[in-house]
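S.K.:
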Amino acid sequence: MIRKSELQRLLQDDSEVAVSVYLPTHRAGPAIREDRIRLKNLLREAEKRIGHAPTAARILEPAWNLVGREREWQHLEKGFSLFLSDGSMETLALPISVPELVVVQRGFYLKPLYKLIDDGQRFYLLILDRKDPRLYVCSRDSFDRVGGKMMTESFEELVAKTEVADEVGYHSASTSAAQGGPGAAKFHGQGDSPEDYRKVELDRFVQGIAKAVDDRLKEESAPLVVAGEPELIGLFRGHSRYAHILPEVIHHAVNGGQDEPVYRQALELAMPLLDAPRKAALDRLATLQATEPNAVALHHEEILRDAQAGRIDTLFLADDAELWGRLTADDRTKIVPAGAEDAVDLIDRMATRTLARGGKLYMVSRNDLPNESHAAAILRY
Numbered sequence: 007m008i009r010k011s012e013l014q015r016l017l018q019d020d021s022e023v024a025v026s027v028y029l030p031t032h033r034a035g036p037a038i039r040e041d042r043i044r045l046k047n048l049l050r051e052a053e054k055r056i057g058h059a060p061t062a063a064r065i066l067e068p069a070w071n072l073v074g075r076e077r078e079w080q081h082l083e084k085g086f087s088l089f090l091s092d093g094s095m096e097t098l099a100l101p102i103s104v105p106e107l108v109v110v111q112r113g114f115y116l117k118p119l120y121k122l123i124d125d126g127q128r129f130y131l132l133i134l135d136r137k138d139p140r141l142y143v144c145s146r147d148s149f150d151r152v153g154g155k156m157m158t159e160s161f162e163e164l165v166a167k168t169e170v171a172d173e174v175g176y177h178s179a180s181t182s183a184a185q186g187g188p189g190a191a192k193f194h195g196q197g198d199s200p201e202d203y204r205k206v207e208l209d210r211f212v213q214g215i216a217k218a219v220d221d222r223l224k225e226e227s228a229p230l231v232v233a234g235e236p237e238l239i240g241l242f243r244g245h246s247r248y249a250h251i252l253p254e255v256i257h258h259a260v261n262g263g264q265d266e267p268v269y270r271q272a273l274e275l276a277m278p279l280l281d282a283p284r285k286a287a288l289d290r291l292a293t294l295q296a297t298e299p300n301a302v303a304l305h306h307e308e309i310l311r312d313a314q315a316g317r318i319d320t321l322f323l324a325d326d327a328e329l330w331g332r333l334t335a336d337d338r339t340k341i342v343p344a345g346a347e348d349a350v351d352l353i354d355r356m357a358t359r360t361l362a363r364g365g366k367l368y369m370v371s372r373n374d375l376p377n378e379s380h381a382a383a384i385l386r387y
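Going by the numbering used here, the sequence shown runs without a break in its numbering and finishes at 387.
#1: Could you give the residue range of the beta strand (DSSP E) that holds P376?
#2: Determine, using beta carbons only, whether L122 and D150 come nearer to each other than 8 Å.
#3: Output yes or no for whether 8 Å exceeds the beta carbon distance between Y248 and L131.
#4: With a cut-off of 8 Å on the beta carbons, I'd call A313 and M277 a contact; round off their distance for me.
#5: With which residues is F4 paired in a DSSP beta bridge?
#6: Which residues share a DSSP beta bridge with Q14?
#7: Within the continuous alpha helix (DSSP H) that includes P60, where are the two ends?
#8: Please determine if the region 23-36 and the region 47-64 are in contact, where contact requires at least 3 C-beta pairs separated by less than 8 Å.
#9: Are the beta-carbon atoms belonging to D319 and R386 less than 8 Å from one another?
#10: Evaluate G35 with the Cβ neighbour count: other Cβ atoms within 10 Å of its Cβ, from every protein chain shown; 16 or more gives buried, anything less gives exposed.
#11: So what does DSSP say about R247, is it helix, strand or coil?
#12: Who are D150's beta bridge partners in DSSP?
#13: Considering just the uninterrupted stretch of the beta strand (DSSP E) at R332, what are its terminal residues?
#14: Going by DSSP, which residues form a beta bridge with L100?
#15: What is the rounded straight-line gap between the Cα of K192 and the Cα of K205?
#16: Between the Cα of I251 and those of E237, E308, L275 and E235, spot the shortest distance and give me the residue it belongs to.
#17: In the DSSP assignment, find the unbroken beta strand (DSSP E) run with K340 in it and report its ends.
#18: Around the Cβ of Q111, are there at least 16 other Cβ atoms within 10 angstroms (buried) or fewer (exposed)?
#19: For A303 versus L375, is the C-beta distance shorter than 8 Å?
#20: Check each candidate in Q14, F211, E207 and A218 and name the one with the smallest Cα separation from L119.
#21: Give me, in chain order, the residues of the same chain whose beta-carbon lies closer than 8 Å to that of I8; leave out the 5 immediate sequence neighbours on both sides.
#22: Are the CB atoms of L107 and E83 nearer to each other than 8 Å?
#23: Could you check what DSSP says for A228 in three-state terms: helix, strand or coil?
#24: Counting Cβ pairs, one atom from each stretch, are 3 or more of them under 8 Å apart for the region 151-161 and the region 131-142?
#25: Distance check for K155 and V212, CA to CA, integer angstroms please.
#26: Under 8 Å, with one C-beta from each stretch per pair, do the region 358-377 and the region 337-344 reach the 3-pair mark?
#27: Could you tell me the distance, in whole angstroms, from the CA atom of E201 to the CA atom of L223?
#28: What is the DSSP secondary structure of A34, counted as helix, strand or coil?
#29: On the DSSP bridge assignment, give the partners of L275 in chain order.
#30: Between L29 and F86, which are expected to be in contact by the criterion C-beta below 8 Å, what is the C-beta distance as a whole number of angstroms?
#31: With burial defined as no fewer than 16 other Cβ atoms inside 10 Å of the residue's Cβ, what is the status of H257: buried or exposed?
#32: What are the boundary residues of the beta strand (DSSP E) that V23 is part of?
#33: Which value, in whole angstroms, describes the spacing of the CA atoms of T31 and A52?
#34: Take K10 as the anchor and find which of N377, A383, G365 and H380 has the nearest alpha-carbon.
#35: First and last residue of the beta strand (DSSP E) that includes Q111?
This is how it looks when you write it as C-alpha cells:
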C-alpha cells in the first residue's frame, strides 16, 4: 500500500531520462541471489535503452551499488521498484509481485503502482494475543505490522510477577503494560483469590493495549478490525477511545498462531467499507453521464488534455487497460503497438497527470466503465 503523498516526487519528476525498474523479490533463501541477478540484467537493459554510455553510467551508478549491498536484499517483500534520474534514486518495497520490467522515458513509469495507491483503501487489524498483541495496517493486497512490540511483557510474564500470600495479597505490575509504562506496587486485602488477581491483571494488560492503539491511531480514521478471545475483545472495547472500531469482530484464539488467515477474515469484514467510495464514485459517473455529459470525459485524447490542465476530479482506469501511442505537443495521439519507437503508455500518462494535480484514481473492472472502455473521468469544471 502506497500513499499518494509518497508518490508526489516521482509524479513531479519530468527528467528527460528517467529509469523505472520493477522486479519480483523474495524474503529469504537462495532466491535472494537470483533477485540480485535479475536486477543486474534489468540494469544492463537500461544501459542499452539509454544509449549514451556516460549518461547511463552516471544515472545507474546508485543502482549498481545497491546490487552489491547484500544486507539490503534481506527481508524484502514480494516486489521491488527503483526509480533513477540524474543524481537521484528512490526505491519502494512492494507488497505484491510485479513482472520484471524496465522503462526508460521522460518521467517515471508508475502504472504497476496504481493498484497500491491508498485512497481511503486501508484498514487496521488488531490481534489481541496474550503473548504478543500486534497491530497491522492492511489493504486488499497486504498486511504489515505497525511498529515493534506493543507491550513490554506478555500477559503470563505480567502475572508471574504476582505473589499472593495466604493472608495479604501483593503484586507488582504496571498500571499500563504498554511500552515504557511505569510500574506500581499494589496491595490487596484478605479474601481475594488468585483468579481475582488474574482478572485484574488481564484488565490492566488490555488497558495497556488500548492505550498503545489509541496513541498510534490518534490521527487516523480508518476502520479497525479486532480479533481475539471474546473476553479480551470486550475489555478492549471498554478501554479504547478509537472511534472507528468495526462492530463485527473475529472471535478466535490467536495466541502464537498464524496471522494471514486472520487478515483474510478481517478483509472480508472491511471490504464493504473499502468498496463504498469506489462504488459511490462509479454511481456519480453514471449519473453525470446521463444528466450532465459535459461533466465527464470518455475519450483518451480528451482525458489526456483534461488531466494535463488539472480538470480531472476522479479518474477511472480499467485494471487490464493497455493503450500505447505517440503523443504530439497538443496531446493528439496515434495508437501504436507496445514497444513501437517513441510509444508511450497512454494509460500511465493519464494517471500520472491526474495524480500530480491532486485528482483521485480508481482501478476498476472494464465492465464498470461506459462502453467497457479503457478509461473515464469526472471533471472538476
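Glycine included, every Cβ here is placed at the ideal spot set by N, Cα and C.
M.R.: Quick look at the numbers:
#1: According to the DSSP assignment, P376 belongs to no beta strand (DSSP E), since it is labelled neither H nor E.
#2: For L122 and D150, no; Cβs fall outside 8 Å.
#3: No.
#4: Between A313 and M277 a beta carbon distance of about 29 Å is seen, past the 8 Å cut, so the two are scored as non-contacting.
#5: The structure shown does not extend to residue 4, since the chain is modelled only from 7 to 387, so the question has no answer here.
#6: None; Q14 has no bridge partner.
#7: Here the alpha helix (DSSP H) through P60 covers A59 to G74.
#8: Output reads yes: the region 47-64 touches the region 23-36.
#9: In contact: D319 and R386 (Cβ atoms closer than 8 Å).
#10: With fewer than 16 Cβ atoms within 10 Å of its Cβ, G35 is classed as exposed.
#11: Of the three classes helix, strand and coil, the one that applies to R247 here is coil, per DSSP.
#12: V143, per the DSSP bridge assignment.
#13: Unbroken beta strand (DSSP E) run through R332: W330 to L333.
#14: BP columns for L100 point to G85.
#15: With a pLDDT of 49 at K192, under the threshold of 50, the predicted position of this residue should be treated as unreliable, though the coordinate-derived value follows. Going by the C-alpha atoms only, they are around 14 Å apart.
#16: In this structure, L275 is the residue among E237, E308, L275 and E235 with its C-alpha nearest to the C-alpha of I251.
#17: Segment T339 to I341, the beta strand (DSSP E) holding K340.
#18: So Q111 counts as buried.
#19: Taking C-beta atoms as the reference points, A303 and L375 fail to come closer than 8 Å.
#20: Each of Q14, F211, E207 and A218 was checked against the Cα of L119, and the nearest Cα belongs to Q14.
#21: Spatial neighbours of I8 in its own chain (CB-CB distance under 8 Å, excluding positions within 5 residues in sequence) are listed in chain order as L98, L119, L122, I123 and D124.
#22: No, these two residues do not count as a Cβ contact at 8 Å.
#23: When secondary structure is reduced to three states using DSSP, A228 falls in the coil class, being assigned neither helix nor strand.
#24: Output reads yes: the region 131-142 touches the region 151-161.
#25: K155 has its alpha-carbon roughly 14 Å from the corresponding atom of V212.
#26: Not touching, per the Cβ criterion.
#27: Distance between the alpha carbons of E201 and L223: 33 Å.
#28: Residue state for A34 is assigned as coil, using DSSP reduced to three classes.
#29: Its beta-bridge partners do not exist; DSSP assigns none.
#30: Right, the Cβ-Cβ distance comes to about 6 Å (below 8 Å), so this counts as a contact.
#31: By the 10 Å Cβ count, H257 comes out exposed.
#32: Membership of V23 in any beta strand (DSSP E) is not indicated, and neither H nor E is assigned to it by DSSP.
#33: Straight-line Cα distance between these residues: approximately 19 Å.
#34: Cα-wise, what sits closest to K10 is G365.
#35: Here the beta strand (DSSP E) through Q111 covers L107 to Q111.
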